[in-house]
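Residues 1126 to 1370 (my numbering) are what the sequence shown spells out, left to right.
Some notes on the structure that comes next.
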Amino acid sequence: MPASPPYLGTLRRLDQVIRPRTYIEVGVDRGWSLAASTADVRVGIDPDPHPDLPTVTTDTPDIDEIIDRGPGSAWLVRRRSDDAAGALHDLLKRRRAQFAFVDGLHLADQVIRDIAMLRTFTGRDAIFALHDVIPIQGGMSRLPPRRRDQAWTGDVWRVVPTLAAMGVDVVVDPVPPSGLAIFRRPDTFDRDAALRLLTIRTRVTATWSEALDQVMSSALMVDDHLIADFVAAKVRRTGAKSGDT
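In structure tokens, the structure reads:
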């Protein structure tokens, strides 16, 4: 089994600080980040996952239960994130997540839509993590890879300056290979306004150096220990175990 990616260490540290009851992620792939969560309820959304975790089908189409040694229950929603809201309503009912991870389709406009969707299913003090915000080289932010195993960050980096322009405080851990952005759930989030701002503040044709400059000038660059301090300050008032509000 290949070594787990370094960013999982940051996710685990965040999990220790947030101590979520409910965790949601967009983009499951092999299921490593889903398995790293200690939440009582874990939900992963991916139309074409390849999880290392065993799953069993349920009576609901496109929803599988994950059978692992993790805490509580875990579910896999085999749908595009744009089509997952109904399934999330069925699974979560009135429950809201305290931690959300976005690592799905690596296109900035899709990430904006994913954030807007996840905001509906997260509590007011929820913390969001966004993967692949630092393109390693220019080619990684261009066309999608031809093979599944090829690295590709897409133009996810554009979301960081867009969030900053909306008044969202963002911190970035430059953890290999492509960074992790952390921010608190926005109090308000107009998806259409965010998509317009995306085209105003950033260019999909930006060079690699321009992309790096925009990310670094829009967010505080920190390591995972300082990110834990940032998150702790955000969730301190929620108590020892984050609630469902």
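Heads up, the beta-carbon is just placed ideally off N, CA and C, and yes, glycines get one too.
Nearest neighbour of residue i, chosen from the options [CA to CA]
i, options, result
"residue 1300", "1149, 1351, 1177, 1156", "1351"
"residue 1219", "1260, 1247, 1150", "1247"
"residue 1261", "1278, 1255, 1245, 1254", "1278"
"residue 1253", "1340, 1310, 1347", "1310"
"residue 1172", "1225, 1288, 1204", "1204"
"residue 1314", "1166, 1282, 1238", "1238"
"residue 1280", "1291, 1304, 1287, 1258", "1258"
"residue 1296", "1287, 1306, 1290", "1306"
"residue 1179", "1163, 1157, 1164, 1185", "1157"
"residue 1162", "1140, 1206, 1177, 1176", "1140"
Beta-bridge partners of residue i, as assigned by DSSP
i, result
"residue 1257", "In the DSSP output, where bridge partners are listed per residue, residue 1257 has none listed."
"residue 1148", "1167, 1224"
"residue 1346", "1297"
"residue 1198", "1166"
"residue 1305", "1256, 1298"
"residue 1188", "1202"
"residue 1181", "1190"
"residue 1247", "1222"
Alpha-carbon to alpha-carbon, residue j and residue i
i, j, result
"residue 1308", "residue 1338", "19 Å"
"residue 1132", "residue 1182", "30 Å"
"residue 1143", "residue 1349", "14 Å"
"residue 1217", "residue 1149", "10 Å"
"residue 1160", "residue 1130", "13 Å"
"residue 1077", "residue 1328", "Residue 1077 is absent from the structure shown; the chain starts at 1126 and stops at 1370."
"residue 1155", "residue 1230", "15 Å"
"residue 1255", "residue 1298", "10 Å"
"residue 1136", "residue 1184", "31 Å"
"residue 1291", "residue 1251", "18 Å"
"residue 1330", "residue 1336", "9 Å"
Assigned exposure category for residue i - 16 Cβ within 10 Å defines buried
i, result
"residue 1324", "exposed"
"residue 1188", "buried"
"residue 1147", "buried"
"residue 1334", "exposed"
"residue 1223", "buried"
"residue 1240", "buried"
"residue 1357", "exposed"
"residue 1342", "exposed"
"residue 1192", "exposed"
"residue 1346", "exposed"
"residue 1318", "exposed"
"residue 1271", "Reliability of the predicted coordinates at residue 1271 is poor, the pLDDT of 49 falling under 50, and the value obtained from them is presented with this limitation in mind. Exposed is the call here."
7 Å Cβ cutoff met for residue i and residue j
i, j, result
"residue 1170", "residue 1199", "no"
"residue 1353", "residue 1138", "yes"
"residue 1285", "residue 1202", "no"
"residue 1228", "residue 1152", "yes"
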